[in-house]
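Trainee: Before I ask anything, here is the structure I am working with.
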Amino acid sequence: MGETAVTCARHQKAAGRGHGVHFRRQLWHVVVFILLVLLSTIISIPLFWVISNALKAPTEVYLYPPRWIPRPPQWGNFAKAWSMLPFWRFLRNSLVTTVVPTVATVFVSALVGYSFARMRWRGRDAVLMLCMATMMLPSQVTLIPRFLIFKQLNWTDTFYPLIVPSLFGSAYDIFLARQFLLTLPVELEEAATIDGCSTFGTWWQVIMPLCKPVLTVIAIFAFMGHWSEFFGPLIYLNSRKNWTIMLGVVSFQDRLEGEVSIHLMMALSFLTMLPCLVLFFSSQKVFIEGIALTGVKG
Amino acid sequence: MLYSVALGFFDYDFFTPPKWVGVANYVNLFAKDELFWQSLKVTTIYSVVSIPLRLVLGFLIALLMNQDVPGIYVFRSLFYVPTILPSVATSFLWMWILNPQYGLINYALEAILGIQGPGWLASEAWALPALIIMSLWGVGGPMVIYLAGLQGIPRHLYEACDLDGGNAVAKFWFITIPMMSPIIFFNLVMGVINSFQVFTSSYLMTQGGPNYATYFYMLYLYDTSFRYFRMGYGSALAWVLFFIIMSLTLLNFIGSKRWVYTGNL
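Which chain is which? The protein sequence lines are G and L, in order. Heads up, the first sequence is in this note's numbering, so the first residue is 1 and it goes up one at a time. Heads up, the second sequence is in this note's numbering, so the first residue is 299 and it goes up one at a time.
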């Protein structure tokens, strides 16, 4: 990357020679570029570090000064760490508690958002306000009552507490979908209605495809949120057969306390990051634009 | 929700039926509970240091990211990546980075500055600063929101400033900052809300220690409710938290009238 910076600098200097203002602007760009390379390197070190350590031999981890590139890389670490606890089982549990809520969230926000944006019914705006008001309430406040209700239902140590709430959608996503829907021209739906499409049919065949950008954003955030969720599984899932990956990783650390196992710990950490990384890099464009749309994550 | 209000007035550990205790929970909380004050103190220090740092750093980096240089999308992505990773995984990663003996940070301190790094998570004085440093890794979160705002500033404002003979500093003070004030405000509010919800890192990395030096409010809430099963007391804690966040947000809103430019939005 440093080499690119130099070539780029030379290139820009050559281009700007002779024009005072122009030259200063070019110079400024070079400075910015170098700063960005430096800062990006610093911010990427931890991620690089987790990968590097995940591929090290047990004793290589403790070398001082640290070795950046493992020699030779121990690809077997991933399989070894994975087999030390029933991680296939945990993965299945994680997928159940991630995919179902994600699909539900997308579906519900599109449907309810449509209702708020297009349909006219009594008290609609009041309900919308109420819906928005729940966003102001921090989740901790409802934490204990929710827990007690689920306990009454005998739902502790099942996946229901982690799945069922998402079936009602989240106020934020519903609002997002509504805002997006308001920007769509009504004529499209009118045309569909004239062609004899039912309301539900219009929604499914006309609205859903048009909403793809906003729904993708909602889906990605929902997936990552549920995948990374730690607090919910921690309080609801007790028996090991129900643990999600995150709980598995935590218990892995407890079990190996004191042993030489940093490399395995890093291998596991990286594996849990992997779905998020893949999702992020495969949908980057949607992502960065989507954040502008949502403003979530602080 | 009402259930939660009611619970705040009960002594309930779910093995015995709830017992009405009136406002005793709240009286205990404020008058006798040292852990409550400790957790509040930890959370406040964390917020007061971490939020402004993240706000300023995020803003500066967003300014850089708003320049037209090659590879800018790569830089933006690299900065955003840390915020999408599972907090469990990042906690373990940072435990290792902060390791006093083999960690990267202490290695860097010794290699570059030639000083012996502190014990970080194992030290009562350095554990909280360690978590604050770790929170800066997530500066990409506020950054992208700033970036979106920066890109929304109409170009003609800058052109007008050029015509009036304004230099870069003038542009920054009289256009960028005022136009960005609603976004800064948004990030401030989110920062406050988020910092009161810190849980995973303190739970996994320090268990609130050493000697309660990183005992965050949420951790106390968790311990009370789900380790000692004092649901009534936990509800009281939750409500106090709610009022703290609410009043801070409200204060922010009132204060914002003085400095946030909303134009004709």
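From the three backbone atoms N, C-alpha and C, an ideal C-beta is built for every residue, glycine too. This one's a predicted model, so the numbers in the text were calculated from it and none came from an experiment.
Which residues mark the beginning and the end of the alpha helix (DSSP H) in which G/E301 is found?
Mentor: For chain G, the structure presents residues 1 to 298; residue 301 of chain G sits outside this window and is missing.
Trainee: Tell me the residue span of the alpha helix (DSSP H) that contains G/C211.
Mentor: No alpha helix (DSSP H) holds G/C211; DSSP gives it neither H nor E.
Trainee: Rounded to whole angstroms, what's the CA-CA distance from L/F540 to G/M273? Just pull it up for me.
Mentor: Approximately 32 Å, taken between the alpha carbons.
Trainee: Using a threshold of 8 Å, state whether the C-beta atoms of G/P46 and L/W435 are closer than that.
Mentor: Yes, Cβ-Cβ distance for G/P46 and L/W435 is below 8 Å.
Trainee: Mind listing the chain G neighbours of L/G464? Cutoff is C-beta to C-beta under 8 Å, in chain order.
Mentor: The premise fails here: L/G464 is roughly 15 Å from chain G at the closest Cβ pair, so nothing lies under 8 Å.
Trainee: Can a CB atom of chain G be found closer than 8 Å to the CB of L/S545?
Mentor: Answer no: the Cβ-Cβ gap between L/S545 and chain G never drops below 8 Å.
Trainee: Give the residues of chain G in contact with L/A536, contact being defined as C-beta atoms less than 7 Å apart.
Mentor: Those within 7 Å of L/A536 in chain G are Q140, V141, L143 and I144.
Trainee: Counting only beta-carbon separations shorter than 8 Å, does L/G532 have a partner in chain G?
Mentor: Answer yes: the Cβ-Cβ gap between L/G532 and chain G drops below 8 Å somewhere.
Trainee: Could you list which residues in chain G have their beta carbon closer than 9 Å to that of L/W435, in chain order?
Mentor: In chain order: I43 and P46.
Trainee: G/C211 and G/I174 - do their beta-carbons sit closer together than 8 Å?
Mentor: No, the Cβ-Cβ distance between G/I174 and G/C211 is not below 8 Å.
Trainee: Please list the residues of the segment 64-83 of chain G that have a C-beta atom closer than 8 Å to any C-beta atom in chain L, keeping them in chain order.
Mentor: Cβ contacts with chain L come from Y64, P65 and P66.
Trainee: What residue range does the alpha helix (DSSP H) around L/Y371 cover?
Mentor: Counting along the chain, the alpha helix (DSSP H) containing L/Y371 begins and ends at I370 to I382.
Trainee: So L/Y456 contacts chain G; which residues on that side make the cut at Cβ distance below 9 Å?
Mentor: What L/Y456 touches in chain G: nothing, since even the nearest Cβ is about 14 Å away.
Trainee: Going along the chain, which residues of the segment 368-388 of chain L sit with their C-beta nearer than 9 Å to a C-beta in chain G?
Mentor: Under the 9 Å Cβ criterion, the segment 368-388 of chain L contributes P368, G369, I370, Y371, V372, F373, R374, S375, L376, F377, Y378, V379, P380, T381, I382, L383, P384, S385, V386, A387 and T388.
Trainee: DSSP three-state call for L/L355: helix, strand or coil?
Mentor: Residue state, collapsed to three classes: helix.
Trainee: Grab the span of the alpha helix (DSSP H) containing G/Q179 for me, first residue to last.
Mentor: Taken as a continuous stretch (DSSP letters only), the alpha helix (DSSP H) holding G/Q179 covers A171 to L182.
Trainee: Since G/Y62 meets chain L, which of its residues come closer than 7 Å, beta carbon to beta carbon?
Mentor: Residues of chain L passing the Cβ test: Y400.
Trainee: For G/Y114, collect the residues of the same chain with a Cβ closer than 7 Å to its Cβ; drop the 5 residues on either side in sequence, then sort them by chain order.
Mentor: The answer, listed in chain order, is L181, W203 and I207.
Trainee: Would you identify the three-state DSSP class for G/E229, choosing helix, strand or coil?
Mentor: Three-state result, G/E229: coil.
Trainee: So with CB distances below 8 Å, who are the chain G contacts of L/S523?
Mentor: Chain G residues near L/S523: L143, I144 and F147.
Trainee: Shorter than 8 Å from the beta carbon of L/M503 to some beta carbon of chain G?
Mentor: For L/M503, the answer is no, since every Cβ of chain G falls outside 8 Å of its Cβ.
Trainee: In three-state DSSP terms, what is G/I34?
Mentor: Helix, per DSSP.
Trainee: Keeping to the same chain, check which residues put their C-beta closer than 8 Å to that of G/G18; ignore five residues upstream and five downstream.
Mentor: Summary for G/G18: the model assigns pLDDT 49, below 50, so the residue's position carries little reliability; its value from the coordinates is reported in the next sentence. Cβ within range, chain order: n/a, list empty.
Trainee: Please state whether DSSP places G/M84 in a helix, a strand or coil.
Mentor: Coil, per DSSP.
Trainee: Could you have a look at L/S545 and say whether DSSP puts it in helix, strand or coil?
Mentor: L/S545: helix per DSSP, three-state reduction.
Trainee: In chain order, what are the residue ranges of uninterrupted alpha helix (DSSP H) at least 4 long that sit wholly in the segment 425-459 of chain L?
Mentor: Those alpha helix (DSSP H) runs which fall completely within the segment 425-459 of chain L and span 4+ residues are 425-434 and 438-449.
Trainee: Quick check: is the beta carbon of L/M478 nearer than 8 Å to any beta carbon in chain G?
Mentor: So no, L/M478 is outside the interface.
Trainee: Could you pull the start and end residues of the alpha helix (DSSP H) that G/S377 belongs to?
Mentor: For chain G, the structure presents residues 1 to 298; residue 377 of chain G sits outside this window and is missing.
Trainee: In this structure, does DSSP put G/V96 in helix, strand or coil?
Mentor: Reduced to three states, the DSSP call for G/V96 is helix.
Trainee: Between L/S348, L/G369 and L/I552, which lies nearest to G/H29 when the distance is taken from Cα to Cα?
Mentor: It is L/G369 whose Cα lies nearest to the Cα of G/H29.
Trainee: At least one CB of chain G closer than 8 Å to the CB of L/L549: is that the case?
Mentor: By this cut-off, L/L549 is not an interface position.
Trainee: Within the continuous alpha helix (DSSP H) that includes G/T244, where are the two ends?
Mentor: Note, G/T244: premise wrong, no alpha helix (DSSP H); not H, not E.
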